[in-house]
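Just below is one structure, and these are the notes that go with it.
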Amino acid sequence: MKSPAATLNPIPQTPPPASTSIDCCPGTYRALSPFGLLLEANNSGSDIRELALTHLCQLIWKYRLIVLRGFSPLEQEALSDYCATWGEILSWNFGTVLNLVVHDNPENYLFTNGNVPFHWDGAFATAVPRFLFFQCLEAPALGNGGETLFCDTTQIWQDANSLQREVWKKIEITYRTQKVAHYGGKITVPLVSEHPITGETTLRFAEPVDPYNYLNPIFLEVAGLPAQQHEQFLRQLIIKLYLPQNCLAHEWQPGDILVADNHALLHGRHPFKSKSSRHLQRVHII
Ligand SMILES: [Fe+2]
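Residues 47 to 332 (my numbering) are what the sequence shown spells out, left to right.
If you want it as structure tokens, here you go:
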């Protein structure tokens, strides 16, 4: 069943041309590669709260994610309040705003400077967020890593042949992880699903997180495919996630705001140099 947002925020048929001011969201627009849209404010220190929400949502359905640059950062409480104007926000044991920083004694790989394998957020939650809303307070210097990776699973589906699609449609994967951070448990999810707003076909997949290299590992069990094919299936799918035509690596600049479609995309992270400062804040909007 589609959410009311499908009616409120139809996908625009024509993208805004590059380097054009649009009255409701003025600024300079630039398409990112292989997907995504950057909107830079005309004046630095602009207030993101003045942008037209409906228009931003339309841009996300069309481009998968938007990066907003040149806007004043919001204090944590103001950030949470602003995100609540987009829709209901998820509340976790830490509250509504997750501070992604390196911990002194991390229990989960999210809070290290290591890489984060691809996944979607909310898999273990009561509701899967529609949007991931990030605000960057500190970013590693150029060349020091820490890019957030996004994979457009609708593109992988479009590029798959009919035989591949038939195989994938039968697959269900069980994910199991101990609840050490704010998520955990055991869930079983079909690989192929329908985007609840746009109706497009998406893949829901999280990479295995092996116990030898990561804190708080995630274990997978594949069903719907002969056992002798599991390893090859996983290996080939993971290769597709990182192909340049499917994967965007966003190099953060302090002050960046990034809003991503959590239903269409998977996300992960490149590792970054251990002494680099990196502080992102993230809110889940249902
Ligand atoms: Fe995540």
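Glycine included, every Cβ here is placed at the ideal spot set by N, Cα and C.
{"query": "Among residues of its own chain, excluding the 5 on either side of Gly230, which ones have a beta-carbon nearer than 7 Å to its beta-carbon?", "result": "Phe170, Thr223, Gln224"}
{"query": "What residue range does the beta strand (DSSP E) around Glu212 cover?", "result": "Taken as a continuous stretch (DSSP letters only), Glu212 belongs to no beta strand (DSSP E), being part of the alpha helix (DSSP H) at 208-215."}
{"query": "Go to Lys108, then tell me how far its alpha helix (DSSP H) extends in each direction, as first and last residue.", "result": "99-109"}
{"query": "Can you tell which of Gln275, His325, Ile243 has its C-alpha closest to the C-alpha of Gln299?", "result": "His325"}
{"query": "Within the continuous alpha helix (DSSP H) that includes Lys286, where are the two ends?", "result": "276-287"}
{"query": "Where does the unbroken alpha helix (DSSP H) through Ile202 begin, and where does it stop?", "result": "199-205"}
{"query": "Can you tell me where the alpha helix (DSSP H) holding Gln299 begins and where it ends?", "result": "From DSSP, Gln299 is part of no alpha helix (DSSP H); its letter is neither H nor E."}
{"query": "In terms of DSSP beta bridges, what is His313 paired with?", "result": "His165, Phe196"}
{"query": "Going along the chain, which residues of its own chain have a beta-carbon closer than 8 Å to the beta-carbon of Val113, five neighbours each way excluded?", "result": "Leu78, Gly82, Leu83, Leu84, Leu85, His296, Asp302, Ile303, Leu304"}
{"query": "Using 8 Å for Cβ pairs, my map puts Phe196 next to His313. What's the rounded Cβ distance?", "result": "5 Å"}
{"query": "Less than 7 Å separating the beta-carbons of Leu178 and Asp167?", "result": "yes"}
{"query": "Please state whether the Cβ-Cβ distance between Arg250 and Val235 is less than 7 Å.", "result": "yes"}
{"query": "Is Phe117 buried or exposed, if buried means 16 or more other CB atoms sit within 10 Å of its CB?", "result": "buried"}
{"query": "With DSSP as the reference, label Tyr221 as helix, strand or coil.", "result": "strand"}
{"query": "What does the alpha-carbon distance come out to for the pair Ser322 and Gln275?", "result": "41 Å"}
{"query": "Just to be sure I understand the criterion: a residue counts if its Cβ is closer than 6 Å to at least one heavy atom of ligand 1. Which residues meet that?", "result": "His165, Asp167, His313"}
{"query": "Please classify Ala77: does DSSP put it in a helix, a strand, or coil?", "result": "strand"}
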